[in-house]
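Asks: In the numbering used here, the protein residues as written are 47 to 131. Don't be surprised by glycine CBs; every beta carbon is placed ideally from N, CA and C. Got a structure for you, questions after.
Rendered as structure tokens:
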């Protein structure tokens with residue numbers, strides 16, 4: 047299904063600054079698998095210094111059907127593309 051929306055996002059914590067020319071990476075971890083949703087946490091880091099730039103403790107994403115109602119996604123663990131090939 048291609049319809050996944052952000053239902054909720056906690057505050058964005060700005061820990062340090064990124065500067066022009068910095069290479070940053072985004073790390074996302076699944077905190078919880080719900081029936082129709084996923085709760086994620088996110089950190090943006092400077093790739094060279096590993097300094098944390100931004101954190102988000104809770105971003106809730108919901109899977110929707112064609113009519114916009116929550117739809118079970120059937121996932122219970124992280125699935126990597128390399129493991130499916």
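How would you write the range of the alpha helix (DSSP H) that residue 91 sits in, first residue to last?
Replies: Position 45 of the chain shown, counting from 1, holds the residue named residue 91. No alpha helix (DSSP H) contains residue 91, which is instead part of the beta strand (DSSP E) from 83-92.
Asks: Below 8 Å CB to CB, which residues in the same chain sit around residue 104 once its five sequence neighbours on both sides are set aside?
Replies: Indexing the chain shown from 1 puts residue 104 at position 58. The answer, listed in chain order, is 54, 55, 56, 77, 85, 86, 87.
Asks: Under the three-state reduction of DSSP, which class applies to residue 53: helix, strand or coil?
Replies: The count along the chain shown starts at 1 and reaches residue 53 at position 7. Three-state result, residue 53: strand.
Asks: Hey, quick one: how far does the beta strand (DSSP E) through residue 129 stretch, first residue to last?
Replies: Along the chain shown, read from residue 1 onward, the residue named residue 129 stands at position 83. Counting along the chain, residue 129 falls outside any beta strand (DSSP E), though it belongs to the alpha helix (DSSP H) covering 127-130.
Asks: Can you give me the Cβ contacts of residue 146 inside the same chain, cut-off strictly under 6 Å, excluding the 5 residues immediately before and after it?
Replies: In the structure as shown, the chain begins at 47 and stops at 131. Residue 146 is therefore absent and cannot be evaluated.
Asks: To which residues of the same chain is residue 124 closer than 7 Å at the C-beta, ignoring the five residues directly before and after it?
Replies: Translated into the one-based positions of the chain shown, residue 124 becomes position 78. The answer, listed in chain order, is 76.
Asks: What is the DSSP secondary structure of residue 117, reduced to helix, strand or coil?
Replies: By 1-based counting over the chain shown, the position of residue 117 is 71. Residue 117: coil per DSSP, three-state reduction.
Asks: In terms of DSSP beta bridges, what is residue 64 paired with?
Replies: Translated into positions along the chain shown, residue 64 becomes position 18. Its beta-bridge partners do not exist; DSSP assigns none.
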